[in-house]
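Q:
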Amino acid sequence: MDFKIAVIKGDGVGQEIINEGIKILRKIEEKHNHKFELKEVLVGGIAIDKEGVPLPQKTLKICKESDAVLLGAVGGPLWDNIDPAIRPEKGLLALRSELGLFANLRPATINESIKESSPLRSDIVQKGIDFVVVRELTGGIYFGKRKTQIIDNVETAYDVEQYNENEIRRIAIKAFETARLRNKKLTCVDKANVLDSSKLWRKVIKDLSKDYKDIELNFMYVDNAAMQLIKDPSQFDVIVTNNIFGDILSDEASIITGSIGMLPSASLRSDKFGMYEPIHGSAPDIAGKNIVNPIATILSVAMMLRYSFDLEEEAKDIEKAVKKALDKGYRTKDIYNEKGIVVTTKEMGDLIAKEI
Ligand code: IPM
Ligand code: MG
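Under the working numbering, residue 478 is the last one in the sequence shown; the count climbs by one each step, no gaps.
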């Protein structure tokens with residue numbers, strides 16, 4: 123089958139990880155006889171440098187004409203002091219919003235052979251870590267009104283967290299449906315003891331749970347959830363939460379599973395279209411050194427094949443190949459723990475491609 127993919131390498135390590143993602147796509151193409159038509163477009167700091175804006179119109183158009191988008195990472199200290207209105211991150215947020223990608227799935231699983239890389243106590247890891255954060259991605263405080271102003275000679279700023287019931291319902295449906303395909307447990311994470319917006323989340327989700335009687339639903343305050351993720355992550359199956367809590371908790375989720383370099387993500391809407399990216403950032407401190415872990419990106423490619431192209435067998439091929447490379451002891455620096463063989467970014471990509 124033929125698929126169109128818009129490819130955004132972005133900034134920092136983005137170039138290196140996407141090159142490995144493409145390597146894997148080419149391998150799948152060859153093995154399973156598909157055709158992936160890749161179009162490279164600019165977002166982030168590199169787009170600011172070349173086109174003057176973090177999300178050029180041409181990029182948006184090509185993304186909209188594609189079946190899926192593969193994205194590396196955006197941002198870095200080079201653009202820290204530019205006009206906040208055109209920061210690299212603005213490009214990413216605008217892209218998510220323009221493409222209507224309201225549901226961000228961030229699965230967190232621990233690979234047996236790199237268990238020692240988890241900073242958690244081994245008896246906690248032993249109980250297993252396998253959950254998905256379903257993060258609302260196009261609403262809340264990221265997109266609410268914000269302003270910096272002088273009030274009575276004092277510099278003052280606000281950012282508004284606002285959700286309407288439709289925005290909550292559609293993300294909650296994604297979360298319930300996700301739970302249905304997994305272990306049928308859903309935890310709604312909020313701050314309903316303080317925030318009105320969280321109270322509305324609870325109301326809408328409680329109401330919706332009548333249609334999902336097979337799913338065990340519970341509610342947890344975000345501060346407690348941050349603690350429970352460290353105390354006993356095995357209790358979680360699917361977590362649904364707003365944009366900002368999801369941002370924070372998914373970084374926590376990534377480190378307890380060994381390395382932020384391992385976790386993929388899918389940003390989805392109601393049709394098959396999606397954008398796929400590692401959950402880590404542009405890591406400027408290690409960019410260009412051929413040491414970044416490409417696995418989060420490679421697993422994001424697997425998610426693309428599964429969710430946007432319905433290529434389940436091909437997705438499993440990639441996931442199995444990653445597991446095999448890890449089981450054989452190959453490690454990028456971030457997951458090296460005395461045992462094993464340290465490999466570069468490109469070598470890890472080659473090893474995984476070979477397993478496919
Ligand atoms: C993420 C990132 C982004 C976010 C940044 C780069 C704007 O941290 O994808 O988690 O906060 O959503
Ligand atoms: Mg983040």
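Positions of the beta carbon are idealized from the N, C-alpha and C atoms, including for glycine.
Evaluate contact between the stretch 362 to 372 and the stretch 342 to 352, counting only Cβ atoms and requiring at least three cross-stretch pairs below 8 Å.
A: Output reads yes: the stretch 342 to 352 touches the stretch 362 to 372.
Q: In the stretch 404 to 434, which residue ranges form an unbroken alpha helix (DSSP H) of at least 4 residues, counting only runs that do not cross its ends?
A: Qualifying alpha helix (DSSP H) stretches, in chain order: 417 to 429.
Q: Please report the residue range of the alpha helix (DSSP H) in which Asn288 lies.
A: Counting along the chain, the alpha helix (DSSP H) containing Asn288 begins and ends at 287 to 302.
Q: Which residues in the same chain have their Cβ closer than 7 Å to the Cβ of Glu434, if we skip the five residues on either side of it in sequence?
A: These residues qualify, in order along the chain: Arg428.
Q: Cutting at 7 Å between CB atoms, please list the residues of its own chain near Asn340, excluding the five before and the five after it.
A: So the qualifying residues of the chain are Thr309.
Q: Once the 5 residues before and after Asp449 are set aside, which same chain residues still bring their CB inside 6 Å of it?
A: Answer for Asp449: Ser235, listed in chain order.
Q: Skipping 5 residues on each side, what residues in its chain have a beta carbon closer than 7 Å to that of Ile413?
A: Closer than 7 Å at the Cβ level, and outside the excluded window around Ile413, lie Thr454, Lys455, Thr466, Thr467.
Q: Return the CA-CA distance between Leu160 and Lys126, expressed in angstroms with no decimal places.
A: Roughly 6 Å between the two C-alpha positions.
Q: By how many angstroms is the C-alpha of Ile474 removed from the C-alpha of Leu385?
A: Their backbone Cα atoms lie some 16 Å apart in a straight line.
Q: Report the start-end ranges of each beta strand (DSSP E) in the stretch 165 to 245 that is 3 residues or longer and not cut off at the edges.
A: Complete beta strand (DSSP E) runs here, min 3: 190 to 195, 225 to 231.
Q: Using DSSP bridges, identify the partner residues of Met342.
A: In DSSP, Met342 forms a bridge with Val311.
Q: Start and end of the alpha helix (DSSP H) containing Gln137?
A: Taken as a continuous stretch (DSSP letters only), the alpha helix (DSSP H) holding Gln137 covers 136 to 154.
Q: With a CB to CB cut of under 6 Å and the five nearest residues on each side skipped, what residues in its chain are close to Gln137?
A: The answer, listed in chain order, is Lys131.
Q: For Met123, which option in Lys153, Val464, Val135, Ile139 has the closest C-alpha, if you only look at C-alpha atoms?
A: Nearest option by C-alpha distance: Lys153.
Q: Determine the direct distance from the alpha carbon of Ile478 to that of Ile150, and round the result to whole angstroms.
A: Whole-angstrom Cα-Cα distance: 8 Å.
Q: Can you tell me the Cβ-Cβ gap for Pro416 and Ile139, rounded? I've got them flagged as a contact below 8 Å.
A: Contact holds; Cβ gap of about 5 Å.
Q: By Cβ distance below 7 Å, which residues in the same chain neighbour Leu259 in space, the five residues on each side in sequence not counted?
A: Correct list, in chain order: Arg218, Leu223, Phe224, Ala225, Asn226, Asn365, Ser389.
Q: Using 8 Å for Cβ pairs, my map puts Ile251 next to Val282. What's the rounded Cβ distance?
A: The Cβ separation is near 34 Å, so there is no contact.
Q: Does the contact criterion of 3 or more C-beta pairs under 8 Å hold for the stretch 209 to 217 versus the stretch 173 to 181?
A: Taking 8 Å as the limit for Cβ pairs, the verdict is that the stretch 173 to 181 does touch the stretch 209 to 217.
Q: So, Leu192 versus Val254, is the Cβ gap smaller than 7 Å?
A: Not a contact, by the Cβ cut-off of 7 Å.
Q: By the 10 Å Cβ neighbour count, where 16 or more other Cβ atoms means buried, how is Ile463 classified, buried or exposed?
A: When all chains shown are included, Ile463 counts as exposed.
Q: Find the nearest neighbour of Val196 within the set Leu182, Gly396, Ile401, Val316, judged by alpha-carbon distance.
A: Measuring from the Cα of Val196, the nearest candidate turns out to be Ile401.
Q: Looking at the structure shown, is Glu561 part of a helix, part of a strand, or coil, going by DSSP?
A: Beyond the ends of the chain as shown, which are 123 and 478, falls residue 561; an answer cannot be given.
Q: Please list, in chain order, all residues of the same chain as Trp201 whose beta carbon is under 7 Å from its beta carbon, the five residues on each side excluded.
A: Cβ within range, chain order: Gly167, Ile170, Arg209, Pro210.
Q: What residue from Leu317, Leu330, Ser239, Arg291 has the CA that sits closest to Ile457's CA?
A: Ranking Leu317, Leu330, Ser239, Arg291 by Cα distance to Ile457 puts Ser239 first.
Q: Looking at the unbroken beta strand (DSSP E) that takes in Glu277, where does it start and where does it end?
A: Note, Glu277: beta strand (DSSP E), 276 to 281.
Q: Roughly how many angstroms separate the alpha carbons of Asn155 and Glu460, rounded to a whole number?
A: Roughly 40 Å separates the two Cα atoms.
Q: Around the C-beta of Thr419, are 16 or more other C-beta atoms found within 10 angstroms, so that it is buried, or is it exposed?
A: That one is buried.
Q: Assuming Ser320 and Asp329 are in contact, meaning their beta carbons sit under 8 Å apart, how far apart are those beta carbons, in whole angstroms?
A: The Cβ separation is near 15 Å, so there is no contact.
Q: Shortest alpha-carbon distance to Asp333 belongs to which of Glu299, Val163, Asn275, Asp189?
A: Selected option, being the one with the closest Cα: Glu299.
Q: Whose C-alpha, out of Ile408, Ile377, Ala424, Tyr452, is nearest the C-alpha of Arg243?
A: The shortest Cα separation from Arg243 among Ile408, Ile377, Ala424, Tyr452 belongs to Ile377.
Q: Pick out whichever of Lys394, Val326, Pro406 has its Cα sitting closest to the Cα of Ser430.
A: For Ser430, the nearest C-alpha among the options comes from Lys394.
Q: Can you tell me which residues fall inside 5 Å of the ligand IPM, judged by beta-carbon distance to its nearest heavy atom, and keep chain order?
A: Matched residues: Glu211, Asp369.
Q: Which same chain residues end up closer than 7 Å to Ser404 when comparing Cβ atoms and leaving out the 5 residues on each side of it in sequence?
A: Taken in chain order, the residues that qualify are Gly132, Asp133, Gly134, Val135, Gly136, Ala195, Val196, Gly197, Gly198.
Q: Run through DSSP, which three-state label would Phe397 get?
A: The displayed chain sequence assigns Met, not Phe, to residue 397. Reduced to three states, the DSSP call for Met397 is strand.
Q: Under the rule that 16 or more other beta-carbon atoms within 10 Å means buried, what is Met425, buried or exposed?
A: Buried, since its Cβ has 16 or more Cβ neighbours within 10 Å.
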